[in-house]
Amino acid sequence: MYLDHYSLSRLPFQMTPDASFFFESPGHKRALLTMIYGLSKGEGFVVVTGAVGAGKTTLIERLLVSDHIADAITARINTTQLGSENLLHLIAYNLNLSQVGETKAAALRDLREHLFQVRARGKRVLLIVDEVQNLSQEALEEMRMLSNFQAESSALLQILLVGQPEFRERLAGPGCEQIRQRVVASYHLSPLVHDDTKQYVEHRLRASGWSGSNLFSDRALDRVARVSGGVPRRINRLCDRCLLYGYLENRLYLDAADVDAVVAEMRNEALEGAPGAEPDVIAAQPPEDVTGHLAPQHPAGSGEAAPVQLNGAANGANGHGDTDAGHGGHSYADLEQTVATLQREVAAYKTKLNRIVSLVAREQRRLQETTAGSGSEGA
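For what it's worth, this note's numbering labels the leading residue of the sequence shown as 222, then goes sequentially.
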């Protein structure tokens with residue numbers, strides 16, 4: 222609606238993750254390099270966590286279009302509220318296995334055989350599990366068993382686990398000791414700091430064809446940073462509404478008062494938290510490595526190993542605690558996350574239903590062939 226008004230070629234603040242909009246803030250760049258470093262080892266688990274809307278999925282999209290995993294066949298799972306057997310079948314489906322045994326033992330056998338075939342072709346398999354915090358302990362243990370598959374001295378499968386901060390707490394617990402020992406690299410993605418929030422907004426505008434003078438004043442961007450808490454998804458939602466507001470008001474320059482007016486509208490529509498619900502900070506502070514934070518101590522590519530620290534409970538990465546917990550301003554983001562999870566579950570159930578229908582049809586054909594054969598013998 223407002224593209225022509227601002228001379229833009231595409232929507233700059235869309236909600237759908239898009240690798241072409243990837244913004245290399247220090248935190249996001251460090252997270253990407255940590256993933257690349259961990260995946261270069263070709264074994265074990267790589268763990269990335271972050272608050273709702275922090276940019277984890279966009280990070281995955283950026284990784285998938287890079288050359289760093291060009292030799293990998295990837296299977297990506299977004300629905301994790303499954304039992305272990307269903308999880309195995311979903312992994313097989315995403316790896317395009319045509320037939321998989323119905324029992325757990327048969328499914329594991331078929332998956333292992335497929336992994337061997339992939340390795341024989343000079344490829345490797347990367348399993349990406351998003352929303353891993355929803356995975357049951359039984360299914361998580363199944364992941365660990367899959368990571369044990371190996372040919373001679375090399376692993377047949379590597380697993381990237383991506384999820385929300387609560388997974389860090391779970392991973393630090395006594396029930397995940399064996400998985401912790403297999404984590405080769407990890408990182409916690411924090412919200413953007415104040416200056417990065419400004420650059421993020423301008424980056425997305427430029428990536429959408431904007432080439433004019435500033436659309437947002439410095440004070441307006443200060444407001445965006447404060448209200449959003451530096452969370453990219455909340456920045457996108459707020460800035461998109463600001464651009465719509467400017468279009469409706471026939472403005473090409475937005476100041477702090479305009480942002481305040483949009484925030485008031487969104488709060489009336491229950492799209493933002495009630496006044497006073499926002500954290501009393503401009504934005505998050507620069508991320509720092511802390512004990513128990515699961516962050517590597519050396520930059521990827523430095524030639525030094527990046528040890529994983531897992532000897533304590535997870536803490537907030539920015540000194541203010543996790544921004545998606547305990548703040549009413551994040552309730553809408555939580556609702557979005559719930560809706561997205563339900564949509565993925567529905568898609569997974571449809572997939573399973575189609576598989577069942579296929580199995581029933583195959584069984585019917587087999588019975589028909591058996592019946593036909595018996596009739597011929599009787600004649």
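Note that beta-carbon positions come from the ideal geometry of N, C-alpha and C, so glycine has one too. This one's a predicted model, so the numbers in the text were calculated from it and none came from an experiment.
Asked	Found
DSSP state of S407 mapped onto helix, strand, coil	strand
Per-residue DSSP class, three states only, for L311	helix
Of the listed residues E486, L280, L574 and G265, nearest to K271 (C-alpha basis)	Checking the sequence, you will find Gly at residue 271 rather than Lys. The candidate whose alpha carbon is nearest that of G271 is L280.
Euclidean distance between Cα positions of K344 and E584	35 Å
For A372 and E245, the rounded distance between their alpha carbons	37 Å
Element boundaries [alpha helix (DSSP H), containing F388]	P386 to L392
Complete alpha helix (DSSP H) runs within the stretch 223-247 (minimum length 4 residues, chain order)	224-227
Alpha helix (DSSP H) segments (min. 4 residues) lying fully within the stretch 343-382	358-367
Cross-strand partners of I290 (DSSP beta bridge)	None; I290 has no bridge partner.
Spatial neighbours of G384 in its chain, beta-carbon cut-off 7 Å, leaving aside the 5 residues before and after	T270, E352, V353 and Q354
Pairwise C-alpha distance: L356 and E387	12 Å
Proximal residues to D225 (C-beta, below 7 Å), its chain only, five neighbours per side dropped	none
Minimum C-alpha distance to I349 - residue among Q379, R586, A275 and L469	Q379
Short Cβ contact (9 Å threshold) for A477 with R444	yes
Inter-residue Cα distance where the pair is S261 and R488	45 Å
Euclidean distance between Cα positions of L285 and L311	20 Å
Buried versus exposed, by CB contacts within 10 Å (16 or more), V452	buried
The stretch 236-250 in contact with the stretch 410-418 per 3-pair CB rule at 8 Å	yes
Distance between C463 and V448 (C-alpha atoms, nearest Å)	13 Å
Span of the alpha helix (DSSP H) around F266	That residue, F266, is in no alpha helix (DSSP H); its beta strand (DSSP E) goes F266 to G271.
Beta carbon of S438 nearer than 9 Å to that of L475	yes
Span of the alpha helix (DSSP H), counted from its first residue to its last, around F437	That residue, F437, is in no alpha helix (DSSP H); it is neither H nor E in DSSP.
Nearest neighbour of V268, chosen from L308, K325 and S407 [CA to CA]	S407
Alpha-carbon spacing of P395 relative to H409, whole angstroms	20 Å
Beta-carbon separation (whole angstroms), H426 vs L436, contact threshold 8 Å	Checking the displayed sequence, the identity of residue 426 turns out to be Leu instead of His. With 8 Å as the limit, L426 and L436 qualify as a contact, their Cβ atoms being about 6 Å apart.
Cβ-Cβ separation, L336 to F370 (assumed contact under 8 Å), whole Å	6 Å
Helix, strand or coil at T324 according to DSSP, with G and I counted as helix	coil
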